[in-house]
Structure formats: C-alpha cells, structure tokens
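One structure is given here, and the rest of the page talks about it.
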Amino acid sequence: MLKEILRIINREGYISIVSIAKELNISGQLVEDGVKQLVRMCYILEEKTGEDCSTFCGNCPFAKNCSKEIVKTYNISDKGINFLKK
Amino acid sequence: MSSGTIALVGNPNSGKTTFFNALTGSNQYVGNWPGVTVEKKEGSFTYRGKEYHVVDLPGTYSLGAFSEDEIVARDYILTGNPDVIINVIDASNVERNLYLTTQLLEMGKRVVIALNMVDEAKRRDIEFDIQGLSKRLNLPVVPTIASKEKGIEDIIKVAIQVMEKKPPVKSPLKYNEVIEHHINHMEEVLKGENLPYPLRWTALKIIEGDREVIKKLNKSILNQKAINYIKDFFKYHSSGDFELEIIDARYAFAHSIVDGTINRPEEDVITITDKIDKIFTNKYLGVPIFAIIMLIVFQLTFALGQDTLGGVVAYLVEGLGSLIESFLLGINAPGWLIAFMIEGVINGVGTVIEFVPIITVLYLLLGFLEDSGYMARAAYVWDDLMRKLGLQGKAFISMIIGFGCNVPGIMSARTLDNKKDKMITILINPFMSCGAKLPIYSVFIAAFFPNHGGLILFSLYTFGIIVGLILAKIYSKTLFKGESSYFIMELPPYRIPTIKNVLRNMWDNVYGFIKRAGTTIFVVITLLWVLAVLPASAQPYGEFSILGRIGAFLAPIFKLAGFGTWQESVALFAGIPAKEAVIGTLGMLYASEYVEEGALLVNAIRQHFTSLTTLSYMAMTLLYTPCVATLGIIKKETNSYKWMIYMALSSFVIGWIVAVLIFQIGSLLGFS
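Taken in sequence, the protein lines are chains A and B.
Going by our numbering, the first sequence runs without a break in its numbering and finishes at 87.
Going by our numbering, the second sequence runs without a break in its numbering and finishes at 680.
Next comes the structure, spelled out in structure tokens:
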C-alpha cells in the first residue's frame, strides 16, 4: 500500500486522499495513515508553508498570519526518489 | 486477589474507553504511567466469583516508538505481562484497525478481538463474516456494542477461556523471503541472549530499524558479537527500505483479512469534490475560474466594504473628531494640540481607520476561500503556469500569503531548498498587493471609479501578479538559472467553511491593520505632522514647511508620471515605513487644505488628480519600494544587504517606469 501511495503521489504531483483511496480501493483514513507513515519514514517530507513568528518580529501586528498554513505541501525526498527508481 | 490481568488496546475512537467503562463500571482508578504524563486507567470486574484486573492502555494506531502513547502501550504489553489482551476494533474501520492487531500478533501475546460498534457499522450497511475473520486471524472475534453493554459478557467469557487455556497464537503474517531470511539470521544471533522481549519480535524490530529497541539492547544486554553483527547489518543494508517493506506487508496482511470477510457498500464513485475539481482544476479552465472567483471577491469587497459599510466608520471617525475638537476647545487646550489631534491624528490616522470595513470584507471572503479548500486548488492550477515560467508552483502560495502581508509571504520561501526558487520567490513577493495598500486604492477608486471598484481592484492585484511573473521569468533566465525543485500539494476535500475559522482569519487581519494604525502609522503621521507645521514662520502644511520643502525636492521625480506635487511625492515616501501612511499623509495634508470647505479626502483627491494620474499613482503604489518591514525580512532571508537595496531600488524604478508609461501613453491617447 505504501509503495502504491508513493507512486501515485509521484505520478499525480499532488496528494488527494479521496482519489488515492478510490484508486487503491481502501478507506481515506487508511490513505492518511499511509501518508503519515511515508512522512515518518522520510520518503516524503512535509513542508511548512506558514512560518512561526516567535523567532522574529514577535510584536508584528500580522504575526498570527505568519503561522497560517494555507496549503499543505510535501516533497518527495531523495530516499523516496531512490526507492521509486528501484 | 486478582485472577488475571486484561489489557485493553485499540485505536483512538474505537470505543475503547466506553468498553473499559462497560467492563469495569465504577471500579476504576486513574493514575499516571511512570515517567510520562500519559494517563493510566485501571479497573476491575468480578466474573463468576473471581476478580479480574483491567488496564486501559492509551489509544494508538500502532505500536512503534514514535509517541509516548505508543511506547507506554508497547512496553506494557511486552513487559507488563498481561494475561490476555482485548483488542478493541472499530467495526466500521476494521482494515485500518487491523494494522495494530498485526503488531499485537507479532508480539506473541494472547489476543481476543472485540469487534466494537457493530450497530454503527450495520447502519452503514457493512456486513461481516465473523467466523471468517476469526479463522483468518486465528483469534476469537466477538461482536460488541460497548455503549449498550452488548457482547460484554461474551467477550469476558472468551477472554477468560483464552487466558486460562490457550497458548499465544503465532502470527500468520509472513514477510518476503529477504526479510524472513534476515529475521531468521538475527534470531540465530540473538538466541541465548537474555532478551527483555520475545525473540522473533526483537529480531524483526532490529531489521525494521526500531531505534528504541536497538538502543535498549545495545546498552547492556547484548554481547559484543551480537552488537557487531547488528552494526554490520546496518552497514550493508539500508533499514529504511526494510521498514517500508515490513509496514507494507502489515497493511497487505490487514487487507487480506478483510478481503471477502467484510463487505462494504460501494461508495459513490464520483464525490462532490471530484465533480467540482473536474472543472476547477481543469488544465485550461483552472486559471480563468480563479480569475473569475477573485473578480467576484473584489466586487463584493467594494460593494459591501466601501459602498455599504464604508460610510459608517467614516461617520464615526468624523464624529469622534468633532467630539475631541469640542472637548479640547472646552478645556482651552493649546492651538497646537488641537491642530495635532484634528489635522494629524483624526485626518491622518483616522483616515486609515476608515478603511476597516473594506479590509474586513476582503479577508472574510479570502478566509472563506481558504477554509473551503479552494486555495489549494488555486495553487495547484497555477503550478503548471509557474513551472513554464521557470518557477516552482509553491511560489504561488507565497504570493497568496503576500496578499495579506509581504513579510510572511517572503518568510514562507524559507522552506524552499532550491536557492533559485527561494530567491525568485522572495524577489517577486513585494509586487503582490498587500492589505496595507488597500486603503490607498479604495480612496482613489472612490474618487474616480466608484462604479468599477471591484474591477479596478481586481486589475491592480492581477497586474501585481503579472509583473511578478514577468520578473520571475527574467530572473530565471538571468540571475538564477537552473532547475526548479519539485513539490507536492495536498488537495483536501471541499468543505463548508466553519464560521470560527473564517472569522478568526478576518480578525487576525483586521486586528493587525488597526494595531498598525495605532502604532506605526501614528508614529509616522506624528513625525510628518511636526515636519508639516515647522518652522513656525512658514504656513502650516504649506510648501515652505520642512515637509513641503522635502516634497518639493522630490516632486520633479514624478513629473513624468503626472503627479508631481510635493504632497503626493511626500505621501509616497511616507509609505515606505508603512503603506497605509500614504493615505494618512494625504489625509492630513489635503484635509487641512480643504478643511474650511469641509471637503472629504475623496473630494480633495478629485481636485488634485485626474483619472489618468490616479491610475499611474495607484500603479506606482502597487509596485514601488516595499515597506521597511518587508525590506528587513528580505535582508534577513537573503542574509544580504545587497538584495535588500536591490529590491528597494529596482522596485522603485519598475514602479516609476510603469507609472510614467501609463501617464505618457494615456496622455498620447487623449485620456486625461
């Protein structure tokens, strides 16, 4: 399952829990677990689009907006890419 | 005295707590697991005259070593020696829950399955072959509804039988040949060692690369030969891929168990998300749809924020001004104080505050789009276009953040590894129109284009994006060549936005806007007011005041762009500390000029500008030197004063060129 999820993510260029679940005929929760496992094992890396302002300009009036994550993004790591090449 | 200990294990939301309550009733006590903050719940029940001890382990999806809950549950199962484990499984999500079950089986413990919440599963038309499940798992499976205390006695009976008579079941899960080969070898090496855990499980965990287990074994338990063997193993094999294979095998095993024993009704093949996405993320329609949505957002922003609500705050600010003036006159306050409060604070800072409604509506609508899941689609549809321009699609996310404030927009580029992507993302972000510029556009639009507010606003934001994209292309061909890195977005299902999230997003922005008006803008306006009324010999707010002289010095720069008066020039420079100060400065300088006629800033703007110079002024405002905070973050993120100065100067030149082009071409075409 994890290998398939990784391949689909690489093929599609995005992560849609719904469409992966549909393609693999498994539940969305299972796909979510799979993505978490891939992140944990560093095959894909979760990125933070929002940035915590606590280290900088803590008094900035817009500080709360800095930590806002509009879109969740990931990267396939070198480990993931090497695995996909196998 | 207890006749045996039962451990409850299960995923979060499997109904385990309800199960524990049903099992133990009021015979419960709560403590903490030693050394951690995880709650330890214990209880007991009596069955056929014998008392049994129950330990409710923390809810967890797996028994790795990645959270305190997992470690507590795992350690207790392995070293606490419960006599039997009841694995509580959510009957609606059996396959997911079985991942944990496979790990329990690998630990070589006595396990009984409580297929819980079967009523809920049946309501969802899920059918079970309980015997089939039991056979494939080689474990007893008992259907339960803990909330109604159904099946509790059955499972107690089965658990006690297993506890008293049955030996632990061997896991039916077999890994591929290579992994089994390594497990067997590892078992050979570990055999005879005084292991705290079962032999095969320990061997498997080492192959899986479980650091907690390896650390524990290395400390004092293993002999040097075994330690060397493990070290050599990891020297020649990457544990990562074994880990993936092992986890994948567990999922495959779980799938093989439910395949044919659990029948779920076919879910809608095409979801609402699919239907919407077919259009919204279409290769050709995606970007135009984004443009239409944003146009609607700006139309609504102007219609509600300016036309409907705009006058209310303006009325309140003016009313407040009158009250303050009356009060100060009443207490015989000095003239300079009255002038400062009315012409400086009310006409300056107050003018900025008047735009709170428009900011409120814009961020309310943008928050709605964000929370609905649409913004992820917007970033996705732009990804293709961005790549063609030699830029990573993620830069668009930074651009969207930049619509609120350029500082976090630039900071979001931190996550980009690729220097090229990072630098280009940073350098184009200031061209995204931030919230602070909105009051400037609003007042000019109200003066000259009141019937096309949304369209003008949309055009300005779009123009900022276009300039950013053109520069991105130029930078990727000149200063920052090379390949863009790759990234993946998560497209969440569409959802109805929650009022809480939308309002919070709106408030964060409105609060920021008001706070800035009361701090940075106040300081800037105060400073400018002092410069505008000094020296005492000059007419206040006149061209011979200090501010007037500075403005007169700067004004020729903007002559070609059509707005070369000293007030307009000074206002632009006042915008460098904070963009809202542009409108605050104009408010202060013009209102004092027209104060006798009681003219509003909008009327003053009409007398000083034409529709053409309005356009060139707004374009200049959109593109010219970013605010000090943005320049500061550019310095910080690029770690270079060079790029900060480059940004300050290049954006000024770009803004100036565009403003001049608009004015000159417009003049040639006969627009005035």
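All residues carry an ideal CB built from backbone N, CA and C; glycine is no exception.
Indicate the three-state DSSP secondary structure (helix, strand or coil) for residue i in the structure shown.
i: residue 639 of chain B; result: helix
i: residue 604 of chain B; result: Confidence at residue 604 of chain B is low in this model, with a pLDDT of 41, below 50, so the placement of that residue is unreliable and no value is reported for it.
i: residue 15 of chain A; result: strand
i: residue 320 of chain B; result: helix
i: residue 670 of chain B; result: helix
i: residue 61 of chain B; result: strand
i: residue 56 of chain A; result: For residue 56 of chain A, the predicted structure reports a pLDDT of 48, less than 50, and the residue's modelled location is therefore unreliable. The matter cannot be settled from this model.
i: residue 650 of chain B; result: helix
i: residue 205 of chain B; result: coil
i: residue 13 of chain B; result: strand
i: residue 486 of chain B; result: coil
i: residue 91 of chain B; result: coil
i: residue 74 of chain A; result: strand
i: residue 192 of chain B; result: helix
i: residue 28 of chain B; result: helix
i: residue 271 of chain B; result: strand
i: residue 644 of chain B; result: helix
With C-beta atoms as the reference, is residue i less than 9 Å away from residue j?
i: residue 431 of chain B; j: residue 521 of chain B; result: no
i: residue 151 of chain B; j: residue 211 of chain B; result: no
i: residue 27 of chain B; j: residue 96 of chain B; result: yes
i: residue 681 of chain B; j: residue 73 of chain B; result: Lying outside 9 to 680, the shown extent of chain B, residue 681 of chain B is not represented and no answer is given.
i: residue 93 of chain B; j: residue 117 of chain B; result: yes
i: residue 282 of chain B; j: residue 28 of chain A; result: no
i: residue 49 of chain B; j: residue 60 of chain B; result: no
i: residue 6 of chain A; j: residue 40 of chain A; result: no
i: residue 2 of chain B; j: residue 361 of chain B; result: The structure shown does not extend to residue 2 of chain B, since chain B spans only 9 to 680, so no value can be given for it.
i: residue 615 of chain B; j: residue 454 of chain B; result: no
i: residue 84 of chain A; j: residue 4 of chain A; result: yes
i: residue 77 of chain B; j: residue 66 of chain B; result: yes
i: residue 180 of chain B; j: residue 124 of chain B; result: no
i: residue 529 of chain B; j: residue 540 of chain B; result: no
i: residue 387 of chain B; j: residue 497 of chain B; result: yes
i: residue 524 of chain B; j: residue 588 of chain B; result: yes
i: residue 476 of chain B; j: residue 437 of chain B; result: yes
i: residue 518 of chain B; j: residue 359 of chain B; result: no
i: residue 536 of chain B; j: residue 593 of chain B; result: yes
i: residue 510 of chain B; j: residue 376 of chain B; result: yes
i: residue 11 of chain B; j: residue 58 of chain B; result: yes
i: residue 306 of chain B; j: residue 469 of chain B; result: yes
i: residue 225 of chain B; j: residue 214 of chain B; result: yes
i: residue 613 of chain B; j: residue 581 of chain B; result: no
Any idea if residue i is buried or exposed, counting beta-carbon neighbours within 10 angstroms, 16 or more meaning buried?
i: residue 679 of chain B; result: exposed
i: residue 378 of chain B; result: buried
i: residue 54 of chain B; result: exposed
i: residue 542 of chain B; result: exposed
i: residue 385 of chain B; result: buried
i: residue 200 of chain B; result: exposed
i: residue 43 of chain A; result: exposed
i: residue 30 of chain A; result: buried
i: residue 254 of chain B; result: buried
i: residue 632 of chain B; result: buried
i: residue 39 of chain B; result: exposed
i: residue 683 of chain B; result: Because chain B is modelled from 9 through 680, residue 683 of chain B falls outside the range shown and cannot be assessed.
i: residue 473 of chain B; result: buried
i: residue 335 of chain B; result: exposed
i: residue 244 of chain B; result: exposed
i: residue 365 of chain B; result: buried
i: residue 47 of chain B; result: exposed
i: residue 55 of chain A; result: Per-residue confidence for residue 55 of chain A stands at a pLDDT of 49, beneath the threshold of 50, marking its modelled position as unreliable; no derived number is given.
i: residue 444 of chain B; result: buried
Would you give the residue range spanned by the beta strand (DSSP E) that residue i belongs to?
i: residue 84 of chain A; result: Segment 79–86 is the alpha helix (DSSP H) holding residue 84 of chain A; no beta strand (DSSP E) there.
i: residue 48 of chain B; result: 47–55
i: residue 47 of chain A; result: 45–48
i: residue 122 of chain B; result: 119–124
i: residue 37 of chain B; result: 36–40
i: residue 150 of chain B; result: 149–152
Counting along the chain, where does the alpha helix (DSSP H) carrying residue i start and finish?
i: residue 133 of chain B; result: That residue, residue 133 of chain B, is in no alpha helix (DSSP H); it is neither H nor E in DSSP.
i: residue 498 of chain B; result: From DSSP, residue 498 of chain B is part of no alpha helix (DSSP H) but of the beta strand (DSSP E) over 496–498.
i: residue 305 of chain B; result: 294–308
Within the segment 546–630 of chain B, note down every full alpha helix (DSSP H) run reaching 4 residues or more, in order along the chain. Scanning the segment 546–630 of chain B from its first residue to its last, the whole alpha helix (DSSP H) runs of 4-plus residues come out as 554–562, 574–582, 588–602, 609–616.
Could you name each continuous alpha helix (DSSP H) segment of 4 residues or more that falls completely within the segment 386–441 of chain B, going from the start of the chain to the end? 402–412, 414–419, 427–436
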